[in-house]
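Chemist:
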Amino acid sequence: AQSVAQPEDQVNVAEGNPLTVKCTYSVSGNPYLFWYVQYPNRGLQFLLKYITGDNLVKGSYGFEAEFNKSQTSFHLKKPSALVSDSALYFCAVRDQGVGQAAGNKLTFGGGTRVLVKP
Amino acid sequence: ETGVTQSPTHLIKTRGQQVTLRCSSQSGHNTVSWYQQALGQGPQFIFQYYREEENGRGNFPPRFSGLQFPNYSSELNVNALELDDSALYLCASSFGLAGGGGTGELFFGEGSRLTVL
Numbered sequence: 001a002q003s004v005a006q007p008e009d010q011v012n013v014a015e016g017n018p019l020t021v022k023c024t025y026s027v028s029g030n031p032y033l034f035w036y037v038q039y040p041n042r043g044l045q046f047l048l049k050y051i052t053g054d055n056l057v058k059g060s061y062g063f064e065a066e067f068n069k070s071q072t073s074f075h076l077k078k079p080s081a082l083v084s085d086s087a088l089y090f091c092a093v094r095d096q097g098v099g100q101a102a103g104n105k106l107t108f109g110g111g112t113r114v115l116v117k118p
Numbered sequence: 001e002t003g004v005t006q007s008p009t010h011l012i013k014t015r016g017q018q019v020t021l022r023c024s025s026q027s028g029h030n031t032v033s034w035y036q037q038a039l040g041q042g043p044q045f046i047f048q049y050y051r052e053e054e055n056g057r058g059n060f061p062p063r064f065s066g067l068q069f070p071n072y073s074s075e076l077n078v079n080a081l082e083l084d085d086s087a088l089y090l091c092a093s094s095f096g097l098a099g100g101g102g103t104g105e106l107f108f109g110e111g112s113r114l115t116v117l
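Quick note, the sequences are listed as chains A and B, same order.
Taking our numbering, the leading residue of the first sequence gets 1, the next gets one more, and so forth.
Taking our numbering, the leading residue of the second sequence gets 1, the next gets one more, and so forth.
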């Protein structure tokens, strides 16, 4: 079974400071990893994904994430946070090793609320 | 390019009633997945539809059912509503079974918020 853990319920950061949102995962094979962001009363917006290749993945709105296979982590980062980055962030995983029968099943973490203060 | 649209955006039902939620997939997408997001939690996979058939199901009882139509739009039906069914129901579309060119990238709608009293 695949699983995702986001150990922090909330992350507070001052505007202009670096932002990190932590994520660890568990899959039986190689993972597809994703970050999504959710603004209040809205659906999920895709930020970035790791499939294979470079461990550092760059995504939308200046976000990036680093895949670390040995630590089974995929932390989301932004060098300089903005007040508008305040939102709920979800890490998700899909097991590459699972066949098409698994379809598009993504397993999401519980989410981390980011609050960027001016 | 038209994104994923869901209706209704909000609805209130009473316990025991039935509800139908609708989703139009993004242009060019032929696969629809449904997720339930309870308050304060991450989305949970309900099921997926591809070529008008259910393909993959999460840990949800049979009273959760769905349909996919030839134009790839989809419905989620929930019978015998329970209080715990109160949640945001998210529809996501993609192309192909694995989605997003085989990588699982999904495109989500804004969701339908269901309240069961």
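Don't be surprised by glycine CBs; every beta carbon is placed ideally from N, CA and C.
Here the structure is a predicted model, which is why all the values come from computation and not from measurement.
Does the beta carbon of Lys49 of chain A come closer than 9 Å to any beta carbon on chain B?
Modeler: yes
Chemist: Could you spell out where the beta strand (DSSP E) holding Lys105 of chain A opens and where it closes?
Modeler: First-last for Lys105 of chain A: undefined, no H or E at that position.
Chemist: Check this for me: beta carbons of Arg22 of chain B and Glu82 of chain B, under 9 Å apart or not?
Modeler: no
Chemist: Using the three-state DSSP reduction, which class does Gly56 of chain B fall into: helix, strand or coil?
Modeler: strand
Chemist: The beta strand (DSSP E) that contains Cys91 of chain B, what's its start and end?
Modeler: 87 to 94
Chemist: Going by C-alpha to C-alpha distance, which of B:Trp34, B:Lys13, B:Gln6 sits closest to Leu84 of chain B?
Modeler: Sequence inspection shows Asp at residue 84 of chain B; the Leu mentioned does not correspond to that position. If we check each option's Cα against that of Asp84 of chain B, B:Lys13 comes out closest.
Chemist: What's the call for Leu114 of chain B, buried or exposed, on a 16-neighbour Cβ count within 10 Å?
Modeler: buried
Chemist: Let's test the definition: count the other Cβ atoms within 10 Å of the Cβ of Val83 of chain A and tell me whether it reaches 16, buried, or not, exposed.
Modeler: exposed
Chemist: Please list the terminal residues of the continuous beta strand (DSSP E) segment that includes Leu120 of chain B.
Modeler: Any question about residue 120 of chain B goes unanswered here, given that chain B covers just 1 to 117.
Chemist: Determine whether the beta carbon atoms of Leu106 of chain B and Leu47 of chain A lie at a separation below 9 Å.
Modeler: No, the Cβ-Cβ distance between Leu106 of chain B and Leu47 of chain A is not below 9 Å.
Chemist: What are the start and end residues of the beta strand (DSSP E) that includes His134 of chain A?
Modeler: No answer is possible for residue 134 of chain A: it lies beyond the span of chain A, which begins at 1 and ends at 118.
Chemist: What does Phe60 of chain B touch in chain A if you count any residue whose Cβ is under 7 Å from its own?
Modeler: Neighbours of Phe60 of chain B on chain A: none; closest Cβ ~12 Å, over 7 Å.
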